[in-house]
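In terms of full-length UniProt numbering, the sequence shown has 327 at position 327, counting the first letter as 1, and numbering is strictly consecutive. The structure appears below as structure tokens.
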Amino acid sequence: MAEPNNTAKHDWKPASYNEAPNERIVDLGCGTGELTLRLEELVGQEGLVIGVDASESMLGKAKENGVANLFCSDIQNLMVPNKFKDFTGTFDAVFTNLALHWCKQNPHGAVRAAKTLLRPGGRFVGEFGGHMNGVGLRHAIAQVLERRGKVPSDPWFLPQPEEYTKILESEGFKVEHISINPQIIILERSLADFVYGLFRASYLKDVEDEEAREIAQEVSGIYSLRAHGSLVCNITKPPPTFLLLLDRRWSMFSSSRQDEHRALQEREQLGAQKRKAERMEAHERRMNKQNEDAARAKANRARRHQRGVADDPVGYFSKFFSIVFALLLTYALYVVYSLFF
């Protein structure tokens, strides 16, 4: 469940989450365990921290890093091993960082997992990708993949605050606060390397490594970075209180390119306004032409009517010859009658 790219993953402020000594905490989607270790430091020897992740390889690295308590499970369908079953429903807090956006298949299941683990009065603390996270990069890599004849598939669940509020409430949580917090994060490496690390386990998981790096380089050549931010919310499971931070911090740009970014945005806005004005002008011209054509057609019909000519001249002449034929037939009958009678 861990994020493939750890840029900004550890930009974390423990005070925001109110961990206390001696607490029991679960780290959902713990990855390689860096933050799990920091949680262990916070709770001390009398506390308990358990890391959960769907990746055996990630858990192996977490174990190498020194995390004591770990188990493997998909948090969308949490299966607690017998070793930890007695702790279910007793944890003071559930923590998750950059994991919930991977729960596209069953986001309700991930929320349900946190609810199952927590005791009454516990806290839910998390941070993950929210709505519009990396939208420019995702659009750019989809374009590159389509040009190469591949079908891009977005693996992430990036909700609006309102959307995730409904999920939380449907699982029995009470949302105390939810908002978008814009962030700017300075890249410490090239954009191509960042794109490669970010998408290697998702959009690029089915391509060879060499092609993946080529695609990342191509994306970096067509994309101008844009900034978004993070989504923050507090939620409660009556009577406990939780805090959830939904992060969308991947759409970021280097501070050296901020002026270029603003200029690009201004050009895009002016271009959009110009295109809109051109579309409106073209539409107005079409409507005027249609009205003029209709007026000319109406005037032509009126003139033909005034001359006694119907819209269908063939029908008019047919009537004329019918009358002439009727008169000739009447005259012929009269002549025949006169000859014989």
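For each residue, glycine too, the CB sits at the ideal point set by N, CA and C.
Check each candidate in 81, 124, 328 and name the one with the smallest Cα separation from residue 72. Taking the sequence shown and counting its residues from 1, the one referred to as residue 72 is at position 72. The option with the nearest alpha carbon to residue 72 is 81.
Here's the rule I'm using: 16 or more other beta-carbon atoms within 10 Å means buried, otherwise exposed. How should residue 342 be labelled? Residue 342 falls outside the range modelled here, since the chain spans only 1 to 341, and no answer is possible.
I need the straight-line Cα distance from residue 198 to residue 35, nearest angstrom please.
Here residue 198 corresponds to residue number 198 of the sequence shown, with the count starting at 1. Here residue 35 corresponds to residue number 35 of the sequence shown, with the count starting at 1. Each residue's alpha carbon lies about 19 angstroms from the other.
Could you have a look at residue 249 and say whether DSSP puts it in helix, strand or coil? Position 249 of the sequence shown, counted from the first residue, corresponds to residue 249. No answer about residue 249 holds up, because its pLDDT of 35 lies below 50 and its placement is not dependable.
_Quick check on the DSSP output: the alpha helix (DSSP H) that includes residue 26 runs from which residue to which?_
The count along the sequence shown starts at 1 and reaches residue 26 at position 26. Segment 24–28 is the beta strand (DSSP E) holding residue 26; no alpha helix (DSSP H) there.
### Query
What separation, rounded to the nearest whole angstrom, lies between the Cα atoms of residue 26 and residue 180?
Taking the first residue of the sequence shown as 1, we reach residue 26 at position 26. Taking the first residue of the sequence shown as 1, we reach residue 180 at position 180. Computed Cα separation, rounded: 25 angstroms.
Quiz item: CB-CB under 6 angstroms to residue 144, same chain, minus the five flanking residues each way: which ones, in chain order?
Solution: Position 144 of the sequence shown, counting from 1, holds the residue named residue 144. Excluding residues within five positions, the ones whose Cβ falls inside 6 angstroms are 215, 218, 219.
What's the gap between the Cα of residue 89 and the Cα of residue 44? Working through the sequence shown from its first residue, we reach residue 89 at position 89. Working through the sequence shown from its first residue, we reach residue 44 at position 44. If I take the Cα positions, the gap works out to 21 angstroms.
Item to check | Bridge partners - residue 50, DSSP secondary structure assignment | outcome: In the sequence shown, counting from the first residue as 1, residue 50 sits at position 50. According to DSSP, residue 50 bridges with 26.
Quick check on residue 330: buried or exposed, where buried means 16 or more other Cβ atoms within 10 Å of its Cβ? On the sequence shown, residue 330 is found 330 positions in, with the first residue counted as 1. Its Cβ having fewer than 16 others within 10 Å, residue 330 is exposed.
query = residue 68: which of 121, 49, 113 sits nearest, CA to CA?
reply = As a first step, residue 68 is located in the sequence shown; it is residue number 68 there, counting from the start. Measuring from the Cα of residue 68, the nearest candidate turns out to be 49.
Review point. If residue 125 and residue 95 are in contact, beta carbons under 8 angstroms, what's the gap, nearest whole angstrom?
Key: Counting from 1 along the sequence shown, the entry for residue 125 is found at position 125. Counting from 1 along the sequence shown, the entry for residue 95 is found at position 95. Between residue 95 and residue 125 the Cβ distance is about 5 angstroms, and since that is below 8 angstroms, they are a contact.
Query raised in the report: Is the segment 102–109 touching the segment 150–170, taking contact as three or more C-beta pairs under 8 angstroms?
Result: yes
Would you identify the three-state DSSP class for residue 188, choosing helix, strand or coil? The residue labelled residue 188 in the question sits at position 188 within the sequence shown. Coil, per DSSP.
Whose CA, out of 111, 92, 193, lies closest to the CA of residue 78?
By one-based count along the sequence shown, residue 78 stands at place 78. The shortest C-alpha separation from residue 78 is found at 111.
- Query: Around the C-beta of residue 62, are 16 or more other C-beta atoms found within 10 angstroms, so that it is buried, or is it exposed?
  - Reply: Position 62 of the sequence shown holds residue 62. That one is buried.
What are the residues that DSSP puts in a beta bridge with residue 125? Taking the first residue of the sequence shown as position 1, residue 125 is located at position 125. Answer is 95.
*Which word fits residue 75, buried or exposed, when buried means at least 16 other C-beta atoms lie within 10 angstroms of its C-beta?*
For this step, residue 75 is matched to residue 75 along the sequence shown. Buried, because 16 or more other Cβ atoms sit within 10 Å of the Cβ of residue 75.
query = Can you list, in chain order, the residues of its chain whose CB lies under 6 angstroms from that of residue 324, leaving out five sequence neighbours each side?
reply = In the sequence shown, counting from the first residue as 1, residue 324 sits at position 324. Around residue 324: no qualifying Cβ.
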